[in-house]
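Residue numbers for the sequence shown follow the working numbering, beginning at 954 and rising by one.
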Amino acid sequence: GLRKTKKGYLCGISCPGGSVVFDWRKSRCHEAVTRSLAGFEGLLQADAYQAYVTFSRDNDLVTLCGCMAHMRRKFTDCVKDKRASRACALIIKMIARLYRIEARIRESVIKMTPEQIAAYRRKHVAQKWKWLERLIHAEAKKALPKSPMGKACTYAINNWEYLGRYLEHGEVQIDNNLMENCIRPTKLGAKNWLFIGHPDAGQRSAIIY
954 GLRKTKKGYL
964 CGISCPGGSV
974 VFDWRKSRCH
984 EAVTRSLAGF
994 EGLLQADAYQ
1004 AYVTFSRDND
1014 LVTLCGCMAH
1024 MRRKFTDCVK
1034 DKRASRACAL
1044 IIKMIARLYR
1054 IEARIRESVI
1064 KMTPEQIAAY
1074 RRKHVAQKWK
1084 WLERLIHAEA
1094 KKALPKSPMG
1104 KACTYAINNW
1114 EYLGRYLEHG
1124 EVQIDNNLME
1134 NCIRPTKLGA
1144 KNWLFIGHPD
1154 AGQRSAIIY
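Shown next, in the form of structure tokens:
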């Protein structure tokens, strides 16, 4: 009997190597998004949606960690017709170096403990991280605030504290792509059949996923 369709949201939570849980929300307000995290303590890795930032600020026992893939995507969006400015290309190249270091960690013959990973990152990433920060700050001064490059630099600077926390915690990934990969089937479903039906049926879809 509704005159127009309404939006609903599937909120996903996972632990690396563990299960994935989806929950249905009729709203994307902060309380709705973070409801499933009530009582959570520890390291929370997510995108830069303000709900997660607020949740971590309101909970002393929660440490928010950012997602490098989201930051990188902002800079790759500056590439047009396979061409990027010299500075943008350099930033993307420097981020790629950080990912190559993570690949070496994953492919290590002897599996590293979180403490060993953190030490390895401090040794091989810390200086590169400082160079990247300086470059982004320098480019932010040159770029127009509303240009793609300006927006990419602003996003990186505003979330730098959260993005860099993977250097301190070896159990944290460089990005949130493990969860992004878990979300992909829901996106495929939305493309194929678009509608869930009644808003109250959303939780059934969440359980099935």
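C-beta: ideal position from N, C-alpha, C; glycine also.
Could you compute how far the alpha carbon of residue i sits from the alpha carbon of residue j?
i	j	result
residue 1153	residue 1061	47 angstroms
residue 1041	residue 1112	18 angstroms
residue 1047	residue 1162	36 angstroms
residue 1020	residue 1063	26 angstroms
residue 1001	residue 1024	9 angstroms
residue 1075	residue 1034	36 angstroms
residue 985	residue 966	14 angstroms
residue 1057	residue 1049	13 angstroms
residue 1003	residue 1148	27 angstroms
residue 1114	residue 956	45 angstroms
residue 1072	residue 996	18 angstroms
residue 977	residue 1145	19 angstroms
residue 1118	residue 998	10 angstroms
residue 1085	residue 1038	16 angstroms
residue 1109	residue 1143	30 angstroms
residue 1015	residue 1091	32 angstroms
residue 992	residue 1151	30 angstroms
residue 1096	residue 1155	43 angstroms
residue 1087	residue 958	47 angstroms
residue 1066	residue 1099	42 angstroms
Report the option in the options whose CA atom is closest to the CA atom of residue i.
i	options	result
residue 1116	1051, 1034, 993, 966	1051
residue 1012	1023, 1143, 994	994
residue 1083	1141, 1120, 1066, 1094	1120
residue 1157	1093, 1073, 974	974
residue 988	1008, 996, 1053, 1159	1008
residue 971	1045, 1135, 1065, 1087	1135
Can you give the beta carbon distance from residue i to residue j, rounded, assuming they're within the 8 angstroms contact cut?
i	j	result
residue 1123	residue 1068	6 angstroms
residue 1125	residue 1018	5 angstroms
residue 1044	residue 1089	7 angstroms
Let me see if you follow: with CB-CB separation under 7 angstroms, is residue i close to chain D or not?
i	result
residue 1117	In the displayed structure, chain D is absent; only one protein chain is listed.
Spatial neighbours of residue i within its chain, please: C-beta separation below 6 angstroms, excluding the five flanking residues on both sides.
i	result
residue 1140	none
residue 1022	1128, 1130
Between residue i and the rest of its own chain, which residues show a CB-CB distance below 7 angstroms, the 5 nearest in sequence each way excluded?
i	result
residue 1101	1030, 1031
message = Is it the case that the region 1078 to 1097 contacts the region 1130 to 1142, given that we only count it when at least three CB pairs across the two stretches are under 8 angstroms?
response = no
key: At least three beta-carbon pairs within less than 8 angstroms, the region 981 to 996 to the region 961 to 968   = yes
message = Between the region 1021 to 1033 and the region 1092 to 1106, can you find at least three pairs of beta-carbon atoms closer than 8 angstroms?
response = yes
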